[in-house]
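Peer 1: Below is a structure I'd like to ask you about.
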Amino acid sequence: MTQSNFDPVGRLLSYVDRIFRYVENTTNVIAGLLIFALMCFGVVRILFRVLDYFHIPHPPLYGFIDIVEVSMVGFAVLSIAFVQRLGGHVRMELILTSLRGRWLWLAETFGGLVALFIVGILIPSSFSHFQRAFEYGDSTMDIEIVTWPAKLVVPFALTILFGRFLIQTVGYLRMLYQPNLEPIAIPVVQTLEDKARSEAASAEQQAR
Numbered sequence: 422m423t424q425s426n427f428d429p430v431g432r433l434l435s436y437v438d439r440i441f442r443y444v445e446n447t448t449n450v451i452a453g454l455l456i457f458a459l460m461c462f463g464v465v466r467i468l469f470r471v472l473d474y475f476h477i478p479h480p481p482l483y484g485f486i487d488i489v490e491v492s493m494v495g496f497a498v499l500s501i502a503f504v505q506r507l508g509g510h511v512r513m514e515l516i517l518t519s520l521r522g523r524w525l526w527l528a529e530t531f532g533g534l535v536a537l538f539i540v541g542i543l544i545p546s547s548f549s550h551f552q553r554a555f556e557y558g559d560s561t562m563d564i565e566i567v568t569w570p571a572k573l574v575v576p577f578a579l580t581i582l583f584g585r586f587l588i589q590t591v592g593y594l595r596m597l598y599q600p601n602l603e604p605i606a607i608p609v610v611q612t613l614e615d616k617a618r619s620e621a622a623s624a625e626q627q628a629r
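Numbering (the numbering used here), first residue to last: 422 to 629.
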């Protein structure tokens with residue numbers, strides 16, 4: 422009987438992690454497309470300014486500030502769970518890199534529980550902002566874009582982040598219980614030496 426047969430939690434984590442990876446990758450792509458579209462819109466706006474300078478007629482372009490205001494919510498929060506999965510957020514790794522074994526996983530578990538608590542508070546409060554905007558028909562000042570879709574993005578993205586934190590916390594508890602298992606669905610803290618070795622290996626593969 423293989424080790425995986427003794428690790429049902431690991432198999433479940435791996436399965437749920439694959440599902441969340443698909444969702445997180447999709448929202449990350451959407452955020453990237455929003456940034457690209459906004460950059461293109463900004464280029465068009467600059468081009469129109471140049472045309473104005475040379476008194477060349479062009480179609481009007483309204484609501485740039487309103488569009489930026491609404492779209493920035495998407496690329497600000499839709500990628501947050503994706504980055505959390507990769508361990509890309511700023512963390513106090515100075516302490517974590519000095520810990521080993523169960524002490525490391527205990528610290529990570531504590532951090533995951535605190536994050537779950539905070540995000541769990543933010544989800545209903547952000548959803549209440551969406552409800553008010555939806556009920557009162559809130560819109561932007563200039564071209565009156567309705568704001569409730571943008572405000573709904575926040576609790577949606579935070580819910581995905583809550584799920585990612587939950588997966589990682591279970592993964593940390595699994596490692597806390599059995600530190601000799603292979604880490605699944607959790608970012609592994611690397612020392613400077615480990616990062617240097619991985620970067621050197623990556624550079625060597627690209628050179629081939």
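The C-beta atom is built at its ideal place from N, Cα and C for all residues, glycine as well. Since the model is a prediction, treat every value here as computed from it, not as a measurement.
(1) Does the stretch 426-444 come close enough to the stretch 599-612 to have 3 or more Cβ pairs within less than 8 Å?
(2) How do the stretch 594-603 and the stretch 576-585 stand: do at least 3 beta-carbon pairs fall below 8 Å, yes or no?
(3) Do L573 and F551 have their C-beta atoms closer together than 9 Å?
(4) If we count Cβ pairs, one from each stretch, closer than 8 Å, do we get three or more for the stretch 516-529 versus the stretch 558-576?
(5) Might you give, ordered along the chain, the residues of its own chain that have their beta carbon closer than 7 Å to the beta carbon of I440, omitting 5 neighbours on each side?
(6) Less than 9 Å separating the beta-carbons of S498 and V575?
(7) Sort A621, D487, S492 by Cα distance to L455 and report the nearest one.
(8) Leaving out the 5 sequence neighbours to the left and right, which residues in its chain are closer than 6 Å to E529 when beta-carbon positions are compared?
Peer 2: Looking at the atomic coordinates:
(1) Because the criterion of three Cβ pairs below 8 Å is met, the stretch 426-444 and the stretch 599-612 touch.
(2) Cβ pair count under 8 Å is below three, so no.
(3) In this structure, F551 lies closer than 9 Å to L573 by Cβ.
(4) The stretch 516-529, when compared against the stretch 558-576, does not touch it at the 8 Å Cβ threshold.
(5) Apart from the 5 residues on each side of it in sequence, I440 has no Cβ closer than 7 Å to any other Cβ in its chain.
(6) According to the sequence provided, residue 498 is Val. The question's Ser does not apply to it. The answer is yes: Cβ separation under 9 Å.
(7) Among A621, D487, S492, the Cα nearest to that of L455 is on S492.
(8) These residues qualify, in order along the chain: Y593.
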